[in-house]
Amino acid sequence: EPEVTQTPSHQVTQMGQEVILRCVPISNHLYFYWYRQILGQKVEFLVSFYNNEISEKSEIFDDQFSVERPDGSNFTLKIRSTKLEDSAMYFCASSDTRVSEQYFGPGTRLTVT
Amino acid sequence: KNQVEQSPQSLIILEGKNCTLQCNYTVSPFSNLRWYKQDTGRGPVSLTIMTFSENTKSNGRYTATLDADTKQSSLHITASQLSDSASYICVVSARSGGSYIPTFGRGTSLIVHP
């Protein structure tokens with residue numbers, strides 16, 4: 006069964022450093038998403054991406070965040086200058102249509118020290 | 028402000044019993060409501076998706092209901108199994124123009140005991 010994969014599973018970085026989180030969505034899906042979940046809190050929507058453009062973004066997704074689909078398979082989330090409060094689990098998801106079932110990856114745990 | 032409230036916050040039941048989880052929302056304009064199951068440390072897994080016109084949707088032992096008038100949804104789990112122990116999350120999406128913005132609830136933590 007196809008699945009969304011994410012790398013790395015755990016990333017530790019120092020405050021102020023740039024990080025890139027990587028995701029490989031399901032191959033025939035067209036819509037891609039990033040979410041985050043701070044430990045012990047609810048999942049929060051960051052951004053959705055379709056046709057090489059951001060479709061929607063939340064208030065959390067400010068100028069320090071960017072997304073990219075650099076090739077036909079990868080979907081990345083870049084955080085330019087990490088802050089302590091960026092420590093969270095980051096989930097990538099994909100779907101074949103905007104309103105259909107979203108398939109989530111296993112997540113990348115980002116720890117900013 | 029769009030909000031999704033879930034109750035109870037946590038629930039403990041015995042294996043084989045049924046349970047019902049609640050979700051109330053103030054998201055507007057409503058687009059769809061999703062229920063997810065999230066195991067600890069894992070990504071959410073979709074259980075059901077309902078649009079405005081649907082009031083019941085089943086997925087195996089999971090049955091979701093939606094009352095768009097009262098802005099309430101429930102997830103009923105039948106004949107619970109130990110593997111049902113997880114967090115169950117209600118997500119309601121608002122439609123604004125061509126955009127869909129999801130609002131997540133905090134989830135109900137379900138523990139099924141043998």
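So the sequence lines, in the order shown, correspond to chains E and F.
The numbering of the first sequence is this note's numbering, which starts it at 6 and goes up by one.
The numbering of the second sequence is this note's numbering, which starts it at 28 and goes up by one.
Cβ atoms here follow ideal geometry from the backbone N, Cα and C, with glycine treated the same way.
(message) Between which two residues does the beta strand (DSSP E) holding residue 31 of chain E run?
(response) Along the first sequence, one-based indexing puts residue 31 of chain E at 26. Residue 31 of chain E -> no beta strand (DSSP E), and no H or E assigned at all.
(message) Please report the distance separating the alpha-carbon of residue 56 of chain E from that of residue 41 of chain F.
(response) In the first sequence, residue 56 of chain E corresponds to position 51, counting from 1. In the second sequence, residue 41 of chain F corresponds to position 14, counting from 1. Straight-line Cα distance between these residues: approximately 47 angstroms.
(request) For residue 39 of chain F, decide whether its Cβ has a neighbour in chain E, counting only Cβ atoms nearer than 9 angstroms. (result) Walking along the second sequence from the start, residue 39 of chain F turns up at place 12. Not closer than 9 angstroms to any Cβ of chain E, the Cβ of residue 39 of chain F fails to qualify, so no.
(request) Tell me, please, which residues DSSP counts as bridged to residue 109 of chain E. (result) On the first sequence, position 104 is the one that residue 109 of chain E refers to. DSSP lists E/98 as partners of residue 109 of chain E.
(message) Can you tell me whether residue 91 of chain E is helix, strand or coil according to DSSP?
(response) Position 86 of the first sequence, counted from the first residue, corresponds to residue 91 of chain E. Reduced to three states, the DSSP call for residue 91 of chain E is helix.
(request) Name, please, each residue of chain E whose Cβ falls closer than 9 angstroms to the Cβ of residue 56 of chain F. (result) For the purposes of this step, residue 56 of chain F is identified with residue 29 of the second sequence, where counting begins at 1. Per Cβ cutoff of 9 angstroms: no residues; residue 56 of chain F is ~14 angstroms from chain E at best.
(request) Could you tell me which of F/35, F/141, F/121 sits nearest to residue 176 of chain F, measuring between CA atoms? (result) Residue 176 of chain F lies beyond the residue range present for chain F, which begins at 28 and ends at 141; the question has no answer from this structure.
(request) Tell me, please, whether the CB atom of residue 72 of chain F is closer than 9 angstroms to any CB atom in chain E? (result) Residue mapping note: residue 72 of chain F aligns to position 45 of the second sequence, counting from 1. Yes, residue 72 of chain F counts as interfacial toward chain E.
(message) Only counting the same chain, and skipping five residues up and downstream in sequence, which positions put a Cβ closer than 7 angstroms to that of residue 89 of chain E?
(response) Translated into the one-based positions of the first sequence, residue 89 of chain E becomes position 84. Result list for residue 89 of chain E: 20, 117, in chain order.
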